[in-house]
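Chains as they are written, first to last, in this note's numbering: chain L, 53 to 164; chain F, 19 to 130. Here the structure comes first, spelled out in structure tokens, and everything after it is commentary.
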């Protein structure tokens, strides 16, 4: 069966520091991969999605970037974190067509 | 994605069926109905999806009206662990439409 792993589960970072969140998927090939952010008490906002290695689409302009160095690895990065980058970051994967997205357990990021 | 309308909250008794309604009156012919739930501090969990036929899996049943303008998610025997926010989403998926738009959802509280 397919599984998705995200780490770390919780992260506290100072303003201006870099960020790297990693997500990996097991048990499937060529998945679509997604990064979402959920602000406190708000809905999910799609940040990036990828349909293949090296292919990244950004949904909203922001202080973050994403990369997909391997088929089942998706990385969310920032060179300098802002206070507004705080939130709950979720990685998801899906198959092709109308197959549903499946989410990881998320990373709760606090910026001090 | 077409807009969906869900009641903001509902209570149900443990052991009874929970029927969660969703209106999607502007749904297009190629859009699927997806249901997810999110338990506090966790990532969204996929429940079920369908196009026009009723669907059932180990978690729930999905009843879609013949005109596809509304649907009902049925949890056959609610438990305390089913307490969560439930999201109804419509999406074409697979047609370069990768975004799942999570609205406010329905907060379901299962009471002993």
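Heads up, the beta-carbon is just placed ideally off N, CA and C, and yes, glycines get one too.
Beta-carbon proximity list for residue i, same chain, < 7 angstroms, skipping 5 on both sides
i             : result
residue 57/F  : 102
residue 81/F  : 72, 89, 90 and 92
residue 69/L  : 133
residue 60/F  : none
residue 135/F : Here chain F covers residues 19 to 130 and nothing more, so residue 135/F does not appear.
residue 139/L : 89, 90, 91 and 161
Supposed close pair residue i, residue j - CB separation, criterion 8 angstroms
i             : j             : result
residue 86/L  : residue 153/L : 6 angstroms
residue 79/L  : residue 55/L  : 6 angstroms
residue 45/F  : residue 128/F : Going by Cβ atoms, the distance from residue 45/F to residue 128/F rounds to 29 angstroms, so no, they are not a contact pair.
residue 156/L : residue 58/L  : 4 angstroms
Cutoff 6 angstroms; reference residue i; Cβ partners in own chain excluding five residues on either side
i            : result
residue 38/F : 91, 104 and 124
residue 43/F : 87
residue 77/L : 56, 83, 124 and 145
residue 23/F : 41
residue 79/F : 92
Candidates the options, of which the one nearest residue i by Cα
i             : options                     : result
residue 96/F  : 23/F, 24/F, 25/F and 31/F   : 31/F
residue 83/F  : 41/F, 94/F and 128/F        : 41/F
residue 81/L  : 64/L, 141/L, 98/L and 123/L : 123/L
residue 122/F : 47/F, 55/F and 50/F         : 55/F
residue 126/F : 64/F, 100/F and 70/F        : 100/F
residue 77/F  : 69/F, 63/F, 70/F and 85/F   : 63/F
residue 151/L : 119/F, 28/F and 110/F       : 110/F
residue 47/F  : 70/F, 35/F and 53/F         : 70/F
residue 120/F : 94/F, 67/F, 52/F and 68/F   : 52/F
residue 158/L : 75/L, 67/L, 71/L and 53/L   : 75/L
residue 71/L  : 143/L, 163/L and 129/L      : 129/L
Cβ shell of residue i (< 8 angstroms), same chain only, five flanking positions each side left out
i             : result
residue 120/L : 85, 102, 104, 105, 106, 107, 108, 126 and 127
For residue i, the first and last residue of its enclosing beta strand (DSSP E)
i             : result
residue 140/L : 139–146
residue 111/L : Run containing residue 111/L: none; DSSP gives neither H nor E here.
residue 69/L  : Note, residue 69/L: premise wrong, no beta strand (DSSP E); not H, not E.
residue 125/L : 125–130
residue 104/L : 96–104
residue 68/F  : 63–68
residue 85/F  : Segment: none, residue 85/F is in no beta strand (DSSP E) and carries neither H nor E.
residue 28/F  : 27–31
Heavy atom of the ligand GDP within 7 angstroms of residue i beta-carbon
i            : result
residue 81/F : Inclusion of the ligand GDP in the displayed structure is not the case, the ligand content being empty and no account of it being possible.
Mind listing which residues of the stretch 60–81 of chain F have their C-beta closer than 8 angstroms to chain L's C-betas, in chain order? 60, 61, 62, 63, 64, 67 and 69
Along the stretch 153–164 of chain L, where does the CB come closer than 9 angstroms to a CB of chain F? Name the residues. 153, 154, 155, 156, 157, 158 and 160
Near-chain F residues of the stretch 62–86 of chain L (beta-carbon distance less than 8 angstroms), N- to C-terminal order: 84 and 86
Anything in the stretch 33–55 of chain F with a Cβ closer than 7 angstroms to a Cβ of chain L? List those residues in chain order, please. 50 and 52
Name, going along the chain, the residues of the stretch 126–145 of chain L whose beta-carbon falls closer than 7 angstroms to a beta-carbon of chain F. 142
Pull out every residue of the stretch 90–110 of chain L whose Cβ sits closer than 7 angstroms to any Cβ of chain F, in chain order. Residues of the stretch 90–110 of chain L whose Cβ lies closer than 7 angstroms to any Cβ of chain F, in chain order: 95, 96, 98 and 101.
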